[in-house]
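In the numbering used here, the protein residues as written are 2 to 731.
Here a beta-carbon is modelled for each residue, glycine too, at the ideal position from N, C-alpha and C.
Since this is a predicted model, take the numbers as computed values, not measurements.
Here is the structure we will look at, set down as C-alpha cells.
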Amino acid sequence: MNEKGPIKVAVIGGGCASLAAAFELTKPKHRGRYEVTVYQLGWRLGGKGASGRGPAGRIEEHGLHVWMGFYENAFRLIRQCYGELGRDPKHCRIADWDDAFFPDPFVGVTDRDRFLGWMNRTACFPPAKGLPGDPLDNHNPFSVASYLAHAAALLRMLLTGVDTHPGGDSKSAAGEPLGPAAERWDRMSSSEDVLKRLNRMLKYGLSLASASLAEAAAILEVVCRSLPTYPQNLVLKLLEMLAANARKQLERVIERDEDLRYQWEITDLVLAMMVGIVRFGLVFHPRGFEAIDDYESLDWLRLNGASERSLNSAFVKGLYDLIFAYGGAGVERPGLAAGQGLRASLRMLFTYRGAIFWKMRAGMGDVVFAPLYEVLRNRGVSFEFFHRLTDVELSRAEDIGPDECPYVKTLHFDVQAKVRGGGEYRPLIDVGGVPCWPSEPDYEQLVSGKQHRTQHRQYESHWDRRSVARRHLAVGEDFDFVVLGVSVGEIPYVCRDILARDQRWRDMVEHVATIPTQAFQVWMREDMESLGWSQPAVNVSGYVEPFNTWADMRQLIPEEQWPVAPGAIAYFCNALADPPAPPAEDDVEYPARRREEVRLSAIRYLSNDVATLWPKAVDEQGEFRWGLLMDPAEEAGGGAGATGEDRFDSQFWTANVNPTDRYVLARPGTLKYRISPLDNSYDNLTIAGDWTDAGFNEGCVETAVMSGLLAAHAISGTPAIEEIVGYDHP
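See below:
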C-alpha cells in the first residue's frame, strides 16, 4: 500500500476478462494493495457467458458454452478459484472444478452423403496426458515447430488408415520390410538421400499407395521433429511431393467410398496447413502466425494446395460454425483470419489435455461466475450491481503535464435500481444446494421493486435507459485505475472522449467486427434414443441454417428441479444477421422484435429440419410432435398447457443483440487493429475482453482470461508475461 492507502481499481463489467483481472489483483501475494470494485449492468455477472435459473430451476443460457482442452489459463483460474472456495462436497454437489467440468472426447459434424443425404459423423479424440491447468513441463507445446511436428504425426496416422489396396505387398518402395519407420528413416545421411528415397517411394504405384504414403509421412515426421536441422526448402519439397502424390493416388479412390472421402478431406487440409507453414516461413517468422492474418483462412489453404472438396467439407463448415465465422450473412461469405484460424486449429488438435472438449454440469453462471463472485467477495471485492456505464471522461489537455499521458478523470454511470436500506445486493439463489444466478432480479431487494417489475424494466437491454439516479466517480477519490471490461460493441457509446482524440481507437471500433447471435433450448419428455438419436451426447455443427449447431445437454437433467425429470435437453445456436439499418437509440422494442424473429425461426426449424437429427421426433405425417415439449407451469400442476406450435412458448430462446452480447469476430485484416491491455496510452486505463489483442484472438473464454491477466499485469506487473500460457505475441 502507498501512503494514501490501497490503490483503488474500478473494474467495469463482470465478464470473464474483468473477473480474471479482479481475481489476479486481489490474490494474497499483493497483501491488500489493490482495492477492487466491480461495476455491473443489471443483476448478474457473466457477460456473454451469463446464465440464469428459470422456472423448474431450468438453466437458461445465452447460447452453447463448451470449454476446450487447451484453455490452460481459463482452467488454471477456475481450478484456483474452486481450491480457494473450499466448498464441502457433503453440502454442495459442485464442490470442486472436476465436479463442475467433465471430459468430452467427441466431436460431431453433419455431413452430406452423396448417396444417403444428411448423415451425422462423430469422431472420438483419445485422452491426452494431464489435465488442463496442470503445470507445464519445460517443453513449449505452443510453438510453431511443435505444431508442425504434431501435424506430421497426425498425417502419418491418417495416411496409414487409408487402405487403398488391401492385401498389397508389405514392402516399401525401397524394398525394405515395413516396420518402425521412424527408426529406419532416422538413419538417413543427407538431404539428397531424403529426396531420393522419397521420390522413389512415391512413384512406386497405386497398389502400394497406402503403405508408400505412410512411409513417406514417416520421413516427413522425422524431418519435422528435427527442425531446424533440415533446410526449409528441403522440408517444403518433401511436403509438396507428398501432397501431390497423395492427391493423385487417393482422389480417384475416394469417389467410391464416403468414409474415405471424409478422412481424405481432413488429410488434405492437414497437408495444406503444413505446406503453408513451411512456405510462409512461419516456424521462425518474427511475426509468427500474425504474418498471414490478412489472408482469409480458406483462401490461404487454397493457395497452399487444399482442394475445393476439402474447403467445402463438413469438417471445415463445422469449425466455421463453432466460431460464427460466416458473419451472419450465410456460408457464401466466410471470414476468419488465416493466422488465428491456423493457431486455433493447431491448439485444438495438438495441445488439449485430458479431453478435446470439457462440458459443464450446470450453467456457466452456476459453475464459473457464482464461484468467482463468492471468492472475490470473500477477498473483499465490492460489487455494485445495476450500474450502467454511460461515459469515460478523460482529463482536459490543460491538466496534463508535458511528460504525462492523458488519464481517466471521471466515470459516469446511470444507476438502474437501488437496494432497500442502502445495503448490498445479494444476487445468488440456492438451487438444490448450488449457488446460482436467477434469470431475473430479486425485486424484493430493490427500492420500488414491484413497480419496476410491472414496468417490465429490462436492466440488461441497451435500449432501456430508465434509471433512478446518476453516479459520478472521480479519479483520486473513488478510483486510481480503471479496467474497462465492456465489449467492443459498447465502446462507441461509453468512450466518446477517447474516440474523439484517438485514431487507433476509432480504427479498432471500425474494423473489429461483431455479430449478434441467436439460441433456443428445448426440454422434452422422451430421451434422445427414443427420439432416434443414436450417437453419443455430442456437440454437432455443420447442419442447416438458421441453427447450424446443436448439443445434446442430457448432463443438465439432474441439476434442474422439475417435478418429473425431462427425458432430454437440447441447445441450438447460430449467428443472427443484422438488419439492413441499425436500430435507433430510442427503439426500446427492438430486442423484442428480434426475439420474436428467433422464436419463429425455431418453430420452423423444429417443423422442417429437426427430423434429420431426430427421426422419431416426428409423427407419421412428418410433423414435429409438439407434445414432446415440457411446460414448467403444466408440470407444476398449473393445468393443461398449450397445444401444437404454441407449446414452444414454454421453452427458452434469445436474440443476443445488445452491444455487450455480440460475438467478436476474427476477420482477415482486422486483428492488427486490436489494442492490447498492455497499451499505456492512458495513464490509468487498461482494457480487457476477447476483443483486445490478447495473443490468442478468438471469441472464447480463454482469450478473455488471457486479456484479464494482461490487464492485471498492466496495473501490478503480475502475473509475469511468461506465466500467461500460450501468449505468443511477437
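Original post:
Considering residue 45, what are the terminal residues of the beta strand (DSSP E) in which it resides?
Top reply: Per DSSP, residue 45 belongs to no beta strand (DSSP E) and is neither H nor E.
**OP:** Counting only the same chain and skipping the five closest in sequence on each side, list residues whose C-beta sits under 6 Å from that of residue 386.
**Re:** 41, 44, 426
Subject >> Contact between the stretch 705 to 712 and the stretch 347 to 364 (3+ Cβ pairs under 8 Å) >> reply: no
Subject >> Residue span of the alpha helix (DSSP H) that contains residue 499, given as start and end >> reply: 497 to 502
Original post:
Per DSSP, what kind of secondary structure is residue 630 in: helix, strand or coil?
Top reply: strand
Original post:
In whole angstroms, what is the alpha-carbon distance linking residue 358 and residue 29?
Top reply: 32 Å
Original post:
According to DSSP, what are the bridge partners of residue 431?
Top reply: 436
Original post:
Between which two residues does the alpha helix (DSSP H) harbouring residue 1 extend?
Top reply: Residue 1 falls outside the range modelled here, since the chain spans only 2 to 731, and no answer is possible.
Original post:
Starting from residue 395 and walking both ways along the beta strand (DSSP E), at which residues does that stretch end?
Top reply: 388 to 395
Original post:
On the premise that residue 10 lies in contact with residue 36, defined as a C-beta separation below 8 Å, what is that separation, rounded to the nearest angstrom?
Top reply: 7 Å
Original post:
Under the rule that 16 or more other beta-carbon atoms within 10 Å means buried, what is residue 130, buried or exposed?
Top reply: exposed
Original post:
Terminal residues of the continuous beta strand (DSSP E) containing residue 100?
Top reply: Unbroken run through residue 100 is the alpha helix (DSSP H), 98 to 101; no beta strand (DSSP E).
Subject >> alpha helix (DSSP H) segments (min. 4 residues) lying fully within the stretch 244 to 304 >> reply: 259 to 280, 298 to 304
Original post:
residue 563 to residue 408, Cα distance in whole Å?
Top reply: 52 Å
Subject >> Cross-strand partners of residue 688 (DSSP beta bridge) >> reply: 485
**OP:** Could you pull out every residue in the same chain whose Cβ sits closer than 6 Å to the Cβ of residue 160, ignoring the five residues on either side in sequence?
**Re:** Excluding five sequence positions before and after residue 160, the CB atoms of its chain that fall closer than 6 Å to its own CB belong to 214, 215, 218, given in chain order.
Original post:
For residue 125, which of helix, strand or coil comes out of DSSP?
Top reply: strand
Subject >> Limits of the alpha helix (DSSP H) - the one that residue 712 falls within >> reply: 702 to 717
Subject >> Segments assigned beta strand (DSSP E), at least 3 residues, entirely inside the stretch 626 to 674 >> reply: 653 to 657
Original post:
Counting pairs of Cβ atoms below 8 Å between the stretch 484 to 492 and the stretch 417 to 435, do you hit three or more?
Top reply: no
Original post:
So what does residue 457 bridge to, in DSSP terms?
Top reply: BP columns for residue 457 are empty, so no partner.
**OP:** Return the chain-ordered list of same chain residues with a C-beta closer than 7 Å to the C-beta of residue 284, the five sequence neighbours on each side being excluded.
**Re:** 145, 146, 149, 228, 278
Subject >> Backbone secondary structure at residue 512 - three-state DSSP >> reply: Under the three-state reduction of DSSP, residue 512 is assigned to helix.
**OP:** Could you say which of 528, 305, 380 lies nearest to residue 32 if we only look at CA atoms?
**Re:** The option with the nearest alpha carbon to residue 32 is 380.
Original post:
Using the beta-carbon count (16 or more within 10 Å), is residue 74 buried or exposed?
Top reply: buried
**OP:** Could you pull out every residue in the same chain whose Cβ sits closer than 8 Å to the Cβ of residue 155, ignoring the five residues on either side in sequence?
**Re:** So the list reads 271, 350, 351, once near-sequence residues are dropped.
Original post:
How about residue 539 and residue 109: do their beta carbons lie closer than 7 Å?
Top reply: yes
Subject >> Through-space distance from residue 23 to residue 138, alpha-carbon basis >> reply: 28 Å
Subject >> Distance, residue 450 Cα to residue 771 Cα >> reply: Since the first and last residues shown for the chain are 2 and 731, residue 771 lies out of range.
Original post:
Apart from the five residues on each side of it in sequence, which residues of its chain come closer than 6 Å, Cβ to Cβ, to residue 432?
Top reply: 54, 58
Original post:
Using CA coordinates, which residue listed in 571, 452, 616 is at the minimum distance from residue 541?
Top reply: 571
Original post:
Around the Cβ of residue 682, are there at least 16 other Cβ atoms within 10 angstroms (buried) or fewer (exposed)?
Top reply: exposed
Original post:
Quick one: any contact between the stretch 608 to 627 and the stretch 639 to 650, if contact means 3 or more CB pairs under 8 Å?
Top reply: yes
Subject >> Nearest candidate by alpha-carbon position, reference residue 104, set 612, 463, 361 >> reply: 361
Subject >> Sequence-distant residues of the same chain with beta carbon closer than 8 Å to residue 309, five excluded per side >> reply: 303
Subject >> Cα-Cα separation between residue 273 and residue 127, rounded to whole angstroms >> reply: 24 Å
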